[in-house]
Amino acid sequence: MQLSRVIEVLRSIAIYQFGPGAERFIPDNVEVVFSKRTGRIRYVLVEGRRIATLRASDCTFALSLDGARLLQKVLPPPRLRVVVAEEIVPFVKRGRDVFCKHVASADPFLRPGDETIVVDSRDQLLAVGRMVVPASVIKQLSRGVAVKVRRGIEMQGDVPRA
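Taken in order, the sequence shown gives residues 6 to 167; the numbers are from our numbering.
Dropping the structure here:
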């Protein structure tokens, strides 16, 4: 498959998953790593840094921290963001899950299973993860996990870049 066609497919996935304007998440200088076994798209890299992994199970992106930073630049707040209370910021940075009672605000359109960017009140990146409950009901819940964090910015044992 030609690179221009691959970029078009990746941008379509970004729009589907993250909404209008997310096509800017996939720049023209993107690099793509294909699975040696299946030949399918596996990793998306920009300047040698992995911004996302394309999940084979549902053909959606699993964001890396670099990908979250890029999305923060192209999508204005509150899109894809969950803002947490200041007292739990150190825990989230270390990769701990976000509980409903610690959510200050969230993009109202986030649903369970959606990729999300966890930020503090100043829109500083803390972690990336997946929503567990709909954003529309987080404030009504006082118990349970709101965001299953995949990677915090201060987690030990960094993942290889490529």
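All C-beta atoms in this analysis are idealised placements derived from N, C-alpha and C, irrespective of residue type, glycine included.
Quantities reported herein were computed from a predicted structural model and do not represent experimental measurements.
Alpha-carbon spacing of residue i relative to residue j, whole angstroms
{"i": "residue 147", "j": "residue 40", "result": "42 Å"}
{"i": "residue 115", "j": "residue 140", "result": "5 Å"}
{"i": "residue 150", "j": "residue 96", "result": "14 Å"}
{"i": "residue 117", "j": "residue 28", "result": "22 Å"}
{"i": "residue 12", "j": "residue 52", "result": "15 Å"}
{"i": "residue 32", "j": "residue 25", "result": "15 Å"}
{"i": "residue 143", "j": "residue 113", "result": "10 Å"}
{"i": "residue 161", "j": "residue 83", "result": "28 Å"}
{"i": "residue 88", "j": "residue 56", "result": "21 Å"}
{"i": "residue 62", "j": "residue 42", "result": "15 Å"}
{"i": "residue 130", "j": "residue 74", "result": "7 Å"}
Assigned exposure category for residue i - 16 Cβ within 10 Å defines buried
{"i": "residue 119", "result": "buried"}
{"i": "residue 105", "result": "buried"}
{"i": "residue 8", "result": "exposed"}
{"i": "residue 6", "result": "exposed"}
{"i": "residue 134", "result": "buried"}
{"i": "residue 155", "result": "buried"}
{"i": "residue 78", "result": "exposed"}
{"i": "residue 44", "result": "exposed"}
Nearest candidate by alpha-carbon position, reference residue i, set the options
{"i": "residue 101", "options": "31, 157, 80", "result": "157"}
{"i": "residue 47", "options": "67, 85, 88", "result": "67"}
{"i": "residue 80", "options": "38, 121, 15", "result": "121"}
{"i": "residue 124", "options": "145, 86, 58, 74", "result": "86"}
Counterpart residues of residue i in DSSP-defined beta bridges
{"i": "residue 153", "result": "135"}
{"i": "residue 48", "result": "38, 58"}
{"i": "residue 66", "result": "59"}
{"i": "residue 121", "result": "134"}
{"i": "residue 110", "result": "88"}
{"i": "residue 103", "result": "152"}
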